[in-house]
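Since the structure comes first, as structure tokens, the remarks are kept for the end.
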Amino acid sequence: MITASAGAGRPMPAEVRWMRRALHQARRGIGRTTPNPLVGACVVTDEGVVVGDGAHERAGEAHAEVHALTEAGPRARGATLYCTLEPCAHTGRTGPCTDQIIAAGIRRVVAAMGDPSPRVNGRGFSTLRAHGIEVTEGVEREAAIRLNQPFLTTVREGRPFVILKAAASIDGRIARAPGERTRLTSTAANRHVQYTRASVDAVVVGSATVVVDDPLLTVRDLYRDRPLLRVVLDRRLRTPPHARLLSTIDDGPVIIVTDAAHLATRAEQRRGLERAGATVVAAEAPGVRGALRALSSCNVQSLLLEGGAATHAAAWAEGVVDCVQLYVTPAALGPLGVPLLGGARWSLASLVDLRVELLGPDTFIEGYVHRPY
């Protein structure tokens, strides 16, 4: 397997260069391809000339390989196709990519990784090999896995990929006191949050956040291709029908996830929320994990868990957090403030692929909870 980067001063291997080009293409679909994965492709001749590029940009539209082959036309014959994920060999909303790869006369396919979804899972590679096409797998595999963590988490674990987002003071507090709305971050940091909201499938908060902060949870100042799903985890159905996010149903649906016991005993609260435009769903299992599984039928592969303190702490304790995005402000709130993650013991040093960025006076820290798999 070729490593993700070449050593200092050495030229980058050609296969890495072309796969990185395909990965760049794949990113064009961020925020738009669910429930499909992000996929990019390029067609390269033996002389090292790129004759076709492609990306899967929306579910139901042509796949990346098809776009790249179409652009290449007859120049694809005898060339190499680089793709970030195993080509499909089944008919879904579009036809099998393997059929078009074979028909185009591609000599070799280089893929970053296999597709573990039940309908593919090696069938694409075996179909290509059965037709005499050479297949190489594993080039830039880790980068491809990182790119498709939401898709892979949904396939393997039956729940969305969870990004825990929190704003905290320099002394690790997220509010001055329980139940007190506390603004911490700068304009630059707040705008950065909008980029993440624009790229995920849903934003999730607990009912306490709705009661205390009354947020809109919309994407502001940025274009988003699809409506943003807003989700409230509300076991006791205490979300008020006059909550501000229910006044913005035109910006995206609102789902209230509760448990079956409270749903059965609070019929009037349910009717009030539904009249306000919300969809009320009962989770089949307790806890945050059960609530996340209840979203599986809503085409949610990635979500931004924005709070509040109890919801963050519960998600962390249940082991369903995959990535942490922390905005740290230089102000201190003192020992009476509400601690991040409910005071749970954890360390930034435990995060993988840690990244730090300055946003005005604030510091943005991002890291994965576990290594890609």
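For the sequence shown, the tail end lands on 796 under this note's numbering, and the numbers increase by one without skipping.
Backbone N, C-alpha and C fix where the C-beta goes; we use that ideal spot for every residue, glycine too.
Model, not experiment: these values are computed from the prediction.
Counted as a single uninterrupted DSSP element, the beta strand (DSSP E) harbouring E560 occupies residues 557-560.
Going by beta carbons, V751 and I597 fall outside the 7 angstroms limit.
The C-beta distance from E580 to M442 rounds to 26 angstroms, too long to meet the 8 angstroms contact threshold. Just measuring C-alpha positions, the residue of G518, A499, A495, V533 sitting nearest L508 is V533.
D682 and E488 have their C-alpha atoms spaced approximately 43 angstroms apart.
According to the DSSP assignment, I679 belongs to the beta strand (DSSP E) that extends over 677-682. Between I679 and V655, the CB-CB gap stays under 7 angstroms. For A625, the three-state secondary structure derived from DSSP is strand. Boundaries for S725: no alpha helix (DSSP H) harbours it, while the beta strand (DSSP E) harbouring it runs 725-730, taken from the DSSP string. Between T521 and A527, the CB-CB gap reaches or exceeds 7 angstroms. Residue pairing for P762: DSSP places it in a beta bridge opposite R596.
Spanning the alpha carbons of V473 and Y618 requires a straight line of approximately 31 angstroms.
One alpha carbon belongs to A706, the other to Q523, and they sit about 42 angstroms apart.
Between G790 and V747, the C-beta spacing is below 7 angstroms. Per DSSP, the beta-bridge partners of G477 are A464. If only complete runs of 4 or more residues are kept, the region 542-582 shows the alpha helix (DSSP H) at 546-553, 564-570, 572-580, in order along the chain. Ranked by Cα distance from Y646, the options S609, G454, G501, A738 are led by G454. DSSP places T786 in the strand class (E or B) of the three-state scheme.
Taking a cut-off of 8 angstroms on C-beta distances, the region 636-643 touches the region 659-669, as three or more cross pairs fall below it. P795 places its beta carbon less than 7 angstroms from that of E565. If you draw a 10 Å sphere on the C-beta of R698, you find fewer than 16 other C-beta atoms in it, and that means exposed. Excluding residues up to 5 positions away in sequence, S592, I593, D594 lie with their Cβ nearer than 6 angstroms to the Cβ of A755 in the same chain.
Between the C-alpha atoms of R481 and R450 there is a straight-line separation of about 12 angstroms.
Looking at V642, R658, L660, the one whose alpha-carbon comes closest to that of L652 is V642. Listed in chain order, the non-local C-beta contacts of R661 below 7 angstroms within the same chain comprise S630, V634, local neighbours out to five positions each way being set aside. Sixteen is the threshold: since fewer than 16 other Cβ atoms of the shown chains lie within 10 Å of the Cβ of H793, the residue is exposed. Rounded to the nearest whole angstrom, the C-alpha separation of R498 and T468 is 8 angstroms. Around the beta carbon of D644, fewer than 16 other beta carbons sit within 10 angstroms, so the residue counts as exposed.
A611 and E780 have their alpha carbons spaced roughly 11 angstroms apart.
If you check the CB distance, E729 and V626 come in under 7 angstroms.
When A708, I525, P458 are compared, the shortest CA-CA separation from L504 is found for I525.
R778 is bridged by DSSP to E789. Excluding residues up to 5 positions away in sequence, A598, V635, D636 lie with their Cβ nearer than 8 angstroms to the Cβ of R604 in the same chain.
Note on D673: under 16 other CB atoms within 10 angstroms of its CB, so exposed under the neighbour-count rule. Only residues of its own chain outside the window of five on either side were considered, and among them A706, E707 have a CB closer than 7 angstroms to the CB of G713, listed in chain order.
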